[in-house]
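Student: Here it is, the structure in full.
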Amino acid sequence: MKVLKSFSVVLIALLGVCDVNALELRGTMPVNVTSDTSVNAKNMAFAEARRQIIGDALRQYVDADAFTVLLGTANTDDLSKLISLTSIDGEQISDTAYSANITMVLDVEAAQKWLTENGVQNWLPNADEQDM
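Shown next as structure tokens:
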């Protein structure tokens with residue numbers, strides 16, 4: 002029994018060590034947008050949050066000048082492909098307004114690919130080159 006307990010502790014410790022190198026890029030942004038309809042307000046809020054969260058999360062890993070230009074000209078579809086998870090908290094909707102706290106998690110591999118394809122030097126870890 003003692004051997005099994007020791008093995009469990011070692012296994013849990015190893016699992017924790019393997020996960021330390023995993024990079025998670027995430028951010029939360031409070032939004033409060035008014036438009037002609039709540040649907041338009043919600044779409045605008047998500048686009049605004051997505052662009053801001055991506056900018057905040059990636060800025061420390063990229064050539065800032067090139068990234069600023071790319072982010073400023075990127076379309077919504079391209080930016081949407083960089084998001085792996087979205088959650089909403091405190092959502093409030095009226096006829097013409099939308100407010101919430103929007104949290105998004107970036108797909109690191111998709112972000113690195115997007116940056117590289119667009120010529121932005123970055124220091125995101127390459128999944129193929131990471132130590133295991």
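Per the numbering used here, residue 2 is the first one in the sequence shown, and the count goes up by one each step.
Backbone N, C-alpha and C define an ideal beta-carbon position, used for all residues, glycine too.
1) What are the partner residues of I89, as DSSP defines its beta bridges?
2) Give the straight-line distance between the Cα atoms of A75 and I89, rounded to the nearest whole angstrom.
3) Once the 5 residues before and after Y99 are set aside, which same chain residues still bring their CB inside 6 angstroms of it?
4) Locate the beta strand (DSSP E) running through V34, then write down its first and last residues.
5) List the whole-angstrom C-beta distance separating A50 from V32, where the pair is believed to meet the contact cut-off of C-beta under 8 angstroms.
6) Taking the Cβ atom as the reference point for each residue, do L71 and V109 lie within a distance shorter than 7 angstroms?
Tutor: If we stick to the structure as given:
1) DSSP, once it has assigned bridges, lists I103 as partnering I89.
2) Whole-angstrom Cα-Cα distance: 24 angstroms.
3) Excluding residues within five positions, the ones whose Cβ falls inside 6 angstroms are V34, S39, A42, K43 and A46.
4) Its beta strand (DSSP E) spans residues L26 to T35.
5) Contact flag correct, Cβ pair sits at about 5 angstroms.
6) Judged by beta-carbon spacing, V109 lies beyond the 7 angstroms limit of L71, meaning their Cβ atoms are not closer than that value.
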